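Protein chains in written order, with my numbering: chain A, 104 to 443; chain B, 104 to 443; chain C, 104 to 443; chain D, 104 to 443.
Note that beta-carbon positions come from the ideal geometry of N, C-alpha and C, so glycine has one too.
Given the structure is predicted, the values throughout are model-derived calculations rather than measurements.
There are 4 protein chains.
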Amino acid sequence: MNKVKVGILGATGLVGQAFLWMLSKNKLFIPSFLVASEKRAGRSFKEEVRWLMPYSMPSDLAELEINKMDFNALEKEGCKIIFSALPKNIATEIEPELRKRGFLVFSNAGAMRREENVPILIPEVNPEAIELIYKQGYPENGFIITNANCSTTGLALALAPLVKYGIDEIYVTTYQSLSGAGYPGISSMDILGNLIPYIDGEEEKMIFETRKILKISSSIFPTCIRVPVMFGHLESVWIKFKERVKPKDIIEAWTQFEVGKNQTESQPSKSIVYCPEQDRPHPGMSFHGSPPGMTVYTGRARKYEDKIGFVLLVNNIIRGAAGGSIQNAELFYKKHGNQI
Amino acid sequence: MNKVKVGILGATGLVGQAFLWMLSKNKLFIPSFLVASEKRAGRSFKEEVRWLMPYSMPSDLAELEINKMDFNALEKEGCKIIFSALPKNIATEIEPELRKRGFLVFSNAGAMRREENVPILIPEVNPEAIELIYKQGYPENGFIITNANCSTTGLALALAPLVKYGIDEIYVTTYQSLSGAGYPGISSMDILGNLIPYIDGEEEKMIFETRKILKISSSIFPTCIRVPVMFGHLESVWIKFKERVKPKDIIEAWTQFEVGKNQTESQPSKSIVYCPEQDRPHPGMSFHGSPPGMTVYTGRARKYEDKIGFVLLVNNIIRGAAGGSIQNAELFYKKHGNQI
Amino acid sequence: MNKVKVGILGATGLVGQAFLWMLSKNKLFIPSFLVASEKRAGRSFKEEVRWLMPYSMPSDLAELEINKMDFNALEKEGCKIIFSALPKNIATEIEPELRKRGFLVFSNAGAMRREENVPILIPEVNPEAIELIYKQGYPENGFIITNANCSTTGLALALAPLVKYGIDEIYVTTYQSLSGAGYPGISSMDILGNLIPYIDGEEEKMIFETRKILKISSSIFPTCIRVPVMFGHLESVWIKFKERVKPKDIIEAWTQFEVGKNQTESQPSKSIVYCPEQDRPHPGMSFHGSPPGMTVYTGRARKYEDKIGFVLLVNNIIRGAAGGSIQNAELFYKKHGNQI
Amino acid sequence: MNKVKVGILGATGLVGQAFLWMLSKNKLFIPSFLVASEKRAGRSFKEEVRWLMPYSMPSDLAELEINKMDFNALEKEGCKIIFSALPKNIATEIEPELRKRGFLVFSNAGAMRREENVPILIPEVNPEAIELIYKQGYPENGFIITNANCSTTGLALALAPLVKYGIDEIYVTTYQSLSGAGYPGISSMDILGNLIPYIDGEEEKMIFETRKILKISSSIFPTCIRVPVMFGHLESVWIKFKERVKPKDIIEAWTQFEVGKNQTESQPSKSIVYCPEQDRPHPGMSFHGSPPGMTVYTGRARKYEDKIGFVLLVNNIIRGAAGGSIQNAELFYKKHGNQI
């Protein structure tokens with residue numbers, strides 16, 4: 104089978120790198136047109152990227168040329184499917200234009216998530232949300248499908264099997280890694296042996312996106328804090344359920360969470376893995392699992408009075424960004440790929 | 104005035120070092136008898152300590168001799184006041200024995216905090232608890248006064264001015280520094296660029312001690328996590344108050360918190376300082392304030408729905424350990440010093 | 104083909120983990136008998152290991168049982184080939200005993216490297232040294248083949264193609280990662296945001312082993328320093344050559360270094376890769392290359408007056424430990440495997 | 104005595120902060136006019152600074168107003184003495200202009216160090232170099248006195264007492280802290296748990312400046328590498344002396360190094376302190392000594408064959424930057440202060 108050519112916007116950034124690294128091994132898609140800022144155009148990916156992934160740069164993709172944004176060139180190259188790792192302000196302009204021109208945009212940018220007809224899609228959680236693309240005018244137009252903000256992705260996945268118990272209140276405090284801020288992102292002088300107790304816009308995103316994905320109206324009380332960790336967001340969660348729930352119930356719910364098993368290539372055999380050890384999960388496990396970085400790990404399920412507490416780990420760059428978008432594109436392709 | 108001679112138990116450990124560093128500048132007390140494990144006895148403090156404070160070792164104390172535990176020698180040296188930085192299991196044995204023999208023990212160890220007549224004392228918060236010493240048999244016997252666990256100290260101080268609003272529920276998630284685990288404590292392989300989402304016994308301490316100090320029965324939901332920071336515990340807090348409270352109310356309560364101002368030498372002019380910047384406080388400020396490390400910093404006061412959120416920073420080694428004990432001894436000396 | 108069963112001594116330690124991780128994908132060898140300290144015996148690898156590799160634990164090996172040291176059981180299991188990740192003092196006793204009993208020991212321990220007939224083997228550098236096994240009494244006896252100390256491995260590999268120019272003096276200063284000290288190894292209080300300018304025995308090893316491997320008598324001036332990095336030793340080197348050498352000469356020598364290409368499975372297609380970027384290599388690249396961690400990266404080749412300077416990076420746990428031993432076993436098997 | 108008013112250029116940067124912090128306790132000088140980039144002008148120091156020192160911001164200076172660069176205003180304010188923490192490119196323009204207008208410039212910038220008549224002054228090392236100001240046209244003009252680059256300062260101080268033995272060759276490899284790159288400086292993604300084996304221009308500075316300060320023509324082979332440490336540069340040094348020298352000779356030379364003892368207020372009683380412990384000094388000691396950060400610590404003196412090796416630690420922000428300039432100004436004031 105010929106692989107489907109895809110374009111990658113924001114290819115040299117951290118999420119762009121994650122796209123290339125994951126796609127270099129993908130059986131369905133192949134990166135074919137890379138877009139980055141105009142000053143990089145004409146040079147190779149290898150020359151322009153500050154490679155930060157803990158694995159080697161895929162040698163076959165290293166020589167791909169960087170292009171400036173060019174709708175016609177994308178079309179000419181045959182890249183109907185677009186992965187967007189653009190900064191918010193640029194995404195706000197370009198993604199709707201791509202949709203208008205018929206492109207199928209799988210976006211990691213936060214820009215369009217608040218638009219009613221744009222799904223925030225996590226295949227294991229709300230696969231039905233993909234149908235919103237028809238409300239965006241597809242197939243006459245293209246569409247935009249977003250994945251959730253990185254910290255929200257972990258929370259929404261861990262909560263998905265628990266929604267059935269009724270969720271009244273969510274207290275979530277995050278330990279977010281540096282890679283979430285991109286490159287160069289955070290100054291080493293601010294974070295080496297230190298913490299930054301504020302992440303612009305993050306708490307609002309967690310509230311809005313968690314509700315939209317899970318279709319719940321629970322109260323959510325988030326505190327988002329940056330920690331000196333390279334990859335992986337850890338989150339501490341306390342939940343007030345409507346029903347009586349014991350720790351073993353939520354562990355069982357996670358263990359049995361098998362919705363859409365093997366739905367797509369990038370979906371791990373178990374999307375949520377509970378760690379029985381008392382001091383797990385930790386960010387050192389961010390690239391564990393298969394494919395690396397796609398599993399959400401939970402741990403420390405415990406009850407105190409009427410609340411349930413636990414911690415979770417999500418790889419913010421893979422599951423919470425590039426991998427999420429790729430998984431969304433795979434789901435689309437599986438369901439509606441014959442239409443392309 | 105002649106300074107009052109004091110003994111320090113566990114002198115070469117991290118808290119022991121903090122005792123010596125703070126006392127080297129204290130006007131009331133002077134370290135006179137240092138106790139550490141028997142194998143260190145007979146050598147100088149300087150030779151036996153792995154000095155870890157960010158400041159120079161006090162040169163006048165560096166030459167003090169290390170002794171093994173010896174009740175008679177302590178007495179002979181005239182050290183009636185004892186600062187204890189002993190590990191829990193040793194403290195459990197030795198501290199009651201010291202009390203029986205008439206010593207006045209100011210302990211940083213968790214061993215005795217659950218005993219009904221042993222106060223967990225924070226001079227600005229519950230100075231009246233000092234009177235419990237009489238229930239321990241003082242002045243016929245000696246007594247034990249403890250300071251709170253490090254993370255509890257910060258929480259109890261920040262909450263003290265807010266108790267008046269009625270506290271229903273406390274959700275507290277900690278970012279605890281390495282020094283809290285002592286030396287050698289945590290392996291670098293476990294924590295460099297990583298987190299450990301569990302601290303043995305810490306969550307139970309926060310619940311019990313916060314209630315005992317503040318004389319409240321609120322529900323407390325703690326998650327305690329170790330972060331790669333050297334000094335200073337950061338805590339993220341969400342509170343459900345009984346009354347309607349706005350962020351400006353709690354900021355005002357902190358700002359006006361002046362109970363017992365200038366009570367003792369080691370008490371800062373303002374024990375709680377609110378940081379108006381949106382990304383403060385952070386652990387890099389752990390040794391700010393005067394005396395360094397005795398101020399608790401709060402920040403990010405905000406309201407979401409009916410809950411109030413904020414963050415706080417406490418220097419775990421100074422305010423949350425050695426400094427707390429010293430302040431307690433100063434308070435005792437001020438109130439009852441004429442009895443010694 | 105049936106894989107060759109091997110025993111792993113010190114299986115739960117950091118190097119032991121690296122052995123299991125690498126061997127889980129090896130086509131020739133399969134871990135079949137794991138040895139660790141007696142108190143761990145009878146439980147599974149998974150239960151007893153503090154897994155520290157940046158990749159998932161191999162699920163097929165996770166359930167292997169831990170055994171105490173038992174020569175007969177090893178024999179019974181059919182494990183003639185032994186990989187040793189024992190601490191030096193234990194290795195000193197056990198490895199000669201294994202040899203006497205006919206086992207083929209590939210050791211990462213420093214214990215036997217100074218014995219004249221024990222080779223310190225790096226297949227690309229001194230493959231002929233393998234013949235020393237006959238001087239150890241093989242095949243009547245077994246033998247011990249060691250790989251070099253981690254920092255020496257990187258230096259010896261980088262220097263191998265340069266020996267032809269005559270090496271008078273080597274000034275080498277290391278930036279050694281925490282994993283080199285094992286687990287728990289170095290206290291986080293000593294190294295977070297800090298350095299330790301001394302590594303016990305390391306400088307002596309670099310001098311002795313580099314000379315033995317390269318068969319040179321150059322003067323070597325090493326300084327070995329621990330840095331807060333998890334994996335990968337960086338080394339800064341200045342060389343006084345006997346001949347006139349330019350930076351481009353050494354770059355060319357590295358580039359053309361193809362001795363024994365594809366000799367063994369674990370040997371990368373290029374064992375030394377020169378990085379043309381001015382700020383490379385760096386430890387973030389420790390698991391780059393294929394197999395991950397087996398490539399030595401060099402960079403910053405430059406001349407000042409009559410000396411040549413460069414930097415190099417070696418993955419201390421893979422190339423400098425487990426991977427080195429495995430590669431040695433593969434070389435033995437290729438050359439003399441028919442004898443087993 | 105009235106303090107002498109001084110101006111500080113680049114006041115909100117990292118070195119600027121160090122100037123303010125040190126001067127807040129200085130008995131001779133008082134910061135009176137702060138200059139930073141134009142966009143900050145009109146606001147207070149406190150509002151505009153990202154305070155990064157490990158100590159509290161001096162409360163008396165926190166309210167000082169930030170000004171844009173204005174020669175007349177500086178003059179009007181009576182600030183004849185100027186401390187410059189300007190970036191190189193701006194310093195190149197402004198410092199000569201200041202000199203022309205009669206200001207006495209004590210500069211931390213590298214801009215003018217290569218000018219023949221501009222001294223690179225370290226009071227304990229080359230106090231006589233101060234006389235170069237007359238070759239700059241002083242007192243008709245003002246003058247520029249620079250302090251050395253941070254890593255050079257430590258090296259030159261440690262070598263000063265050793266020059267008498269004749270220095271043939273210096274091999275120096277640095278472990279430079281993040282603060283040396285200013286703020287925001289180095290991306291956390293580049294350095295957390297990592298190293299950067301290149302610092303632009305640094306190696307050239309070490310060669311040129313060390314020779315100029317010590318008036319030697321030795322061969323110097325530097326490698327400069329950035330490490331994840333906040334404050335303090337560690338350096339590993341191997342020296343080829345002309346004479347036969349033993350480790351005890353250099354330890355003695357350091358110990359007896361008393362040139363100009365108590366010359367100025369900011370000069371410590373011992374400018375070089377040798378650490379006898381085998382694993383010292385380390386960057387955790389950067390703010391040790393009195394005044395904090397002004398002592399250069401050496402350690403690990405050892406001989407191998409005919410070379411002498413040692414390590415040294417210099418606080419790059421204090422001794423290697425702001426403190427060096429202040430000390431220079433104090434020396435000038437002591438020698439020629441009556442002329443102002």
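Cutoff 8 Å: residue i Cβ touching any chain D Cβ
i, result
"aspartate 382 of chain C", "yes"
"threonine 326 of chain C", "yes"
Proximity test, Cβ basis, 8 Å: residue i and chain A
i, result
"tyrosine 158 of chain C", "yes"
"tryptophan 357 of chain B", "no"
"proline 331 of chain D", "yes"
"proline 394 of chain D", "no"
Helix, strand or coil at residue i [DSSP, three-state]
i, result
"cysteine 182 of chain A", "coil"
"lysine 345 of chain C", "coil"
"phenylalanine 136 of chain C", "strand"
"phenylalanine 148 of chain B", "helix"
"glutamine 381 of chain B", "coil"
"asparagine 175 of chain D", "helix"
"glycine 423 of chain A", "helix"
"glycine 119 of chain A", "helix"
"glutamate 196 of chain D", "helix"
"serine 290 of chain A", "strand"
"isoleucine 236 of chain D", "helix"
Test: residue i CB closer than 8 Å to a CB of chain B
i, result
"glutamate 408 of chain A", "yes"
"glycine 296 of chain D", "yes"
"valine 266 of chain A", "no"
Delimiting residues of the alpha helix (DSSP H) encompassing residue i
i, result
"glycine 257 of chain C", "253–262"
"tyrosine 436 of chain D", "426–439"
"glutamate 355 of chain D", "350–358"
"phenylalanine 311 of chain C", "305–317"
Residues near residue i by beta carbon distance below 7 Å, same chain, minus five either side
i, result
"glycine 288 of chain C", "Leu281"
"valine 152 of chain C", "Thr115, Gln120"
"aspartate 163 of chain D", "Ser127"
"lysine 149 of chain C", "Met160, Ala165, Glu166"
Contacting residues, own chain, Cβ-Cβ under 6 Å from residue i (five flanking each side not counted)
i, result
"tyrosine 274 of chain C", "Phe324, Trp341"
"threonine 276 of chain D", "Thr326, Ser339"
Delimiting residues of the beta strand (DSSP E) encompassing residue i
i, result
"isoleucine 411 of chain D", "410–417"
Short CB-CB distance (under 8 Å) between residue i and chain C
i, result
"histidine 391 of chain A", "yes"
"proline 300 of chain D", "yes"
"leucine 337 of chain D", "yes"
"glycine 213 of chain B", "no"
"tryptophan 124 of chain D", "no"
Residues of its chain near residue i, where Cβ-Cβ distance is below 8 Å and the 5 sequence neighbours each way are ignored
i, result
"serine 369 of chain D", "Met125, Asn129, Pro394, Met397, Gly426, Ile429, Gln430, Glu433"
The segment 264–273 of chain A in contact with the segment 229–238 of chain A per 3-pair CB rule at 8 Å
no
Pair every Cβ in the segment 421–432 of chain B with every Cβ in the segment 117–127 of chain B, then say whether three or more of these pairs are closer than 8 Å.
yes
Do three or more CB pairs link the segment 377–389 of chain C to the segment 290–300 of chain D at distances below 8 Å?
yes
For the segment 367–378 of chain D and the segment 400–417 of chain D, state whether three or more C-beta atom pairs, one from each stretch, are separated by less than 8 Å.
yes
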